[in-house]
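The block underneath contains the structure these notes are about, expressed in structure tokens.
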RNA sequence: GGGAGUUUAGCUCAGCUGGUUCAGAGCAUCUGCCUUACAAGCAGAGGGUCACUGGUUCGAACCCAGUAACUCCCA
């Protein structure tokens, strides 16, 4: 026999992953079994594997492997999304390195480069997931921009346009001046930033002299040229005299009115608010209300345009500094204060978001939100943990229309075609568009050359919300076997950050196109943070490289490590030490295997271990039910912990110690066979968490011959068996006895090798004769006997109400012994007093449930019995 | 500013309908062991005013109110 001293993961991982692939164990085709389906949250093609993916995909793999082992037809569909903004930024950067500007390219040329980039880098994450052991059906790998999925996106656009749910409109959008595109609210990251609050004086018109001013406070002095009004609160007594007046914008001397609105907070700044409808969302709404003109002074790249009159061509931030100087010089700057406020940054480019009015495509949400909310409120879809239902409801009840256009090329181009007269038609192809165009403008004789397709593409989420349907070709062929079989999927595992803009919209699309929710459970994972609670990020450099972790601790170790620290829905404070614990666990399993592997069987021996075997069998069945219940509630870390303790404590530390033969002695056939059967069952329940080591051991000859397809990955989980609770309880008592004996050794510094005697004065019904063998073996007891008398010259202890004695040669210290007994007596007396006062309380007796009272009575009886024995012992010691 | 959540051992977390000897687990710590499966280990032990203050109740980690700290979402 030549087994390494520790488990070496690397070899096993490579061997078994390719074995699984080769035998198509991940593959799923519809059949008569019950399906269990997960669609992966498609990582974007620009990404590399980070800790969030590790967590997310470990969970999915555990679920899918367990389903497979429960006899379901398990299908985990992988894929990626095209991430229009992020990918386009990467491609632009790549081109720049090659000395090519995006402006120098035609759209098809640019897209050719983008596809090249995608082919090269777009599969990295999926390949990395294989290292983790992800058992995805790789033949089903999809990409949101492949032909069929793109067609689904375009059809969806047309579908909703025809329904009147997609419209074109001018709206204030979050403009990313660097990416030169609109981004959604969800892609804006708000951060608290130190700014300056500029107090600027505006001349009041028509008071004869130039001496009267009003002062406004703003963080954006560069936008004063776009002001349309000054607004004050009508109740503000300080400014009654300004009602109906006009003021002049400093530097450019344009006249604007003073308007009245209770929107203005009197105690913020000066109580005078500059209203700049083109550059602030709230101002825009205020402007609409008061019919103010919209003056947009910014170009798409964030520089000032000619409407600003001054500082034309300057970047907004340069202009801010310069205008402060100009205002100061001309005496318009009253003062500058430090000020903190929230500023939006683009998630993709980190540019400061500019509120900007622009023509965009929108998708109406309120109509779709209603049924999508109901699925969750009625429980057809369960959010785990439940607390997210609140958040979900809040969002769905206050939903805003979805800006779906992006000023980019990488993505599905919006199927809108503009006629020379400015009208547009919505059509899938140029030809159809031409027909529609000619129909709408009879006799115009348009050709395809006269039509111009909208330059913009659709938001990536407009692809991914179709994901659970489109991966099964549910748009192209709505009645195909796959979609009918796999949809709705079962569980979705994703991050709470995208509950709204992905999960909610998938529910909407599912309802719209299939009339059914796309999944039943949504398991929301937390954010992986470092142990200091900081988000893992590239800039902080506090994120471990997942592949290095796998290298260091093995994939199984890392999977266990991730799950150990991941309560559902809560952020997890990741630390490498969890992976270390996972690795140690793998090693423990390995060594238990080594022990069993080393045994020789003697067919002539009778089985002395019936009790131990029956006990572990019960314990195993008990653990199975615990694990199942944890899984049902998606308490994966607890399911893992229950498994961990079963294996490490119950199996290794107790069971194996109970049955293990003396060194170099053989074992009986029955114990040997049973133990191997136990071990095989243990491998099964471990497999979803630790697929590699379990598969590796599964194939050892210890378990007999295996056919090529007899693999742990497709083994069926053990069935529930009998649980002998009486035996489980008894063994708990036996364990206490053994622990107490070990304690005596420790306290008296007696070597574990030295055998001791043990006598019991049994006052209870526990059948100690059954457990003599276990007690003598684990306690290293030479003789275990019964006595009816208390033994002097012995160390004593009590378990439950039974008394135990370990005779010792050296005399015991009566003072210490008395102290010990007295301490226990004091505790019990106090305890008994509390119980008695409960039982003596009329209101307790009247109100408490009968079973509670019964319990109290039992407590009383037990305590009294124990106290009696204690007192006898104290008397015997003459304390 | 509005809403939600969290606070239990040094760390990460359980604690289900208020009721067992209920204050728990894993890790970490400490003590003793290289006892031939495993030192990535074995045996044992010590750690907590359940954030704070009140209230309800026969009984509160759990229910209610207030306070504090932290986190997230929205403005």
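Numbering (the working numbering), first residue to last: 1405 to 2283.
Using N, Cα and C, we set each Cβ at its ideal position, and we do this for glycine too.
All values reported here derive from a predicted model rather than from experimental measurement.
Buried/exposed call for residue i, threshold 16 Cβ in 10 Å
i, result
"residue 2249", "exposed"
"residue 1781", "exposed"
"residue 2067", "exposed"
"residue 2192", "exposed"
"residue 1607", "buried"
"residue 1486", "buried"
"residue 1585", "buried"
"residue 1456", "buried"
"residue 1539", "buried"
"residue 1860", "buried"
"residue 2110", "exposed"
"residue 1692", "exposed"
"residue 2171", "exposed"
"residue 1405", "Per-residue confidence for residue 1405 stands at a pLDDT of 44, beneath the threshold of 50, marking its modelled position as unreliable; no derived number is given."
"residue 2020", "buried"
"residue 1644", "exposed"
"residue 2183", "buried"
Residue of the options minimising C-alpha distance to residue i
i, options, result
"residue 1908", "1412, 1888, 1777", "1777"
"residue 2120", "1453, 1441, 1965, 1472", "1472"
"residue 1872", "2107, 1880, 1922, 2068", "1922"
"residue 1615", "1892, 1629, 1651", "1651"
"residue 1562", "1818, 2086, 2003, 1983", "1818"
"residue 1574", "1809, 2163, 1710, 2039", "1809"
"residue 1852", "1764, 2257, 1833, 1661", "1833"
"residue 1894", "2190, 1476, 1792", "1476"
"residue 1829", "1811, 1857, 1804, 1814", "1857"
"residue 2186", "1964, 2083, 2159", "2159"
"residue 1491", "1504, 1521, 1844, 2102", "1521"
"residue 1807", "1831, 1801, 1866", "1866"
"residue 1474", "2026, 2123, 2179", "2123"
"residue 1727", "1677, 1655, 1911", "1655"
"residue 1637", "1658, 1661, 1676", "1676"
"residue 1439", "1493, 2107, 1467, 1448", "1467"
"residue 2101", "2182, 1447, 1991", "1991"
"residue 1814", "1666, 1566, 1846, 1494", "1494"
"residue 1483", "1526, 2216, 1506", "1526"
Cβ pair residue i, residue j closer than 7 angstroms
i, j, result
"residue 1626", "residue 1724", "yes"
"residue 1938", "residue 1748", "no"
"residue 1545", "residue 1621", "no"
"residue 2127", "residue 2079", "no"
"residue 2087", "residue 2116", "yes"
"residue 1459", "residue 1966", "yes"
"residue 1587", "residue 1745", "no"
"residue 1975", "residue 1930", "yes"
"residue 1788", "residue 1927", "yes"
"residue 1603", "residue 1623", "no"
"residue 1422", "residue 1541", "no"
"residue 2190", "residue 2176", "no"
"residue 2073", "residue 2004", "no"
Whole-angstrom C-beta distance between residue j and residue i, which should lie under 8 angstroms
i, j, result
"residue 2243", "residue 2271", "At roughly 16 angstroms, the Cβ-Cβ gap does not stay under 8 angstroms, so residue 2243 and residue 2271 are not in contact."
"residue 1629", "residue 1653", "7 angstroms"
"residue 1986", "residue 1961", "4 angstroms"
"residue 2138", "residue 2178", "6 angstroms"
"residue 1600", "residue 1742", "6 angstroms"
"residue 1577", "residue 1632", "So it is not a contact: roughly 19 angstroms between Cβ atoms."
"residue 1548", "residue 2033", "Actually they are not in contact, since the Cβ atoms of residue 1548 and residue 2033 sit about 38 angstroms apart, beyond 8 angstroms."
"residue 1452", "residue 1529", "7 angstroms"
"residue 1583", "residue 1489", "6 angstroms"
Is the stretch 2254-2270 touching the stretch 2229-2238 in the sense that three or more CB pairs, one from each, lie closer than 8 angstroms?
-> These segments touch.
So, do the stretch 1837-1855 and the stretch 1876-1894 have three or more beta carbon pairs nearer to each other than 8 angstroms?
-> Taking a cut-off of 8 angstroms for Cβ pairs, the stretch 1837-1855 and the stretch 1876-1894 do not touch, as fewer than three such pairs fall below it.
Within the chosen definition, does the stretch 1547-1563 reach the stretch 1877-1884 through at least 3 CB pairs nearer than 8 angstroms?
-> By the Cβ test, the stretch 1547-1563 is in contact with the stretch 1877-1884, since at least three Cβ pairs between them sit closer than 8 angstroms.
Are the stretch 2198-2214 and the stretch 2163-2174 in contact at 8 angstroms, needing three or more beta carbon pairs?
-> When C-beta atoms of the stretch 2198-2214 are compared with those of the stretch 2163-2174, three or more pairs fall below 8 angstroms, so the two segments count as touching.
Are three or more beta carbon pairs between the stretch 1524-1535 and the stretch 1717-1736 nearer than 8 angstroms?
-> No, the stretch 1524-1535 is not in contact with the stretch 1717-1736.
Could you tell me whether the stretch 2089-2103 touches the stretch 1406-1421, where touching means 3 or more Cβ pairs closer than 8 angstroms?
-> With a cut-off of 8 angstroms, the stretch 1406-1421 and the stretch 2089-2103 count as touching, because enough Cβ pairs lie within range.
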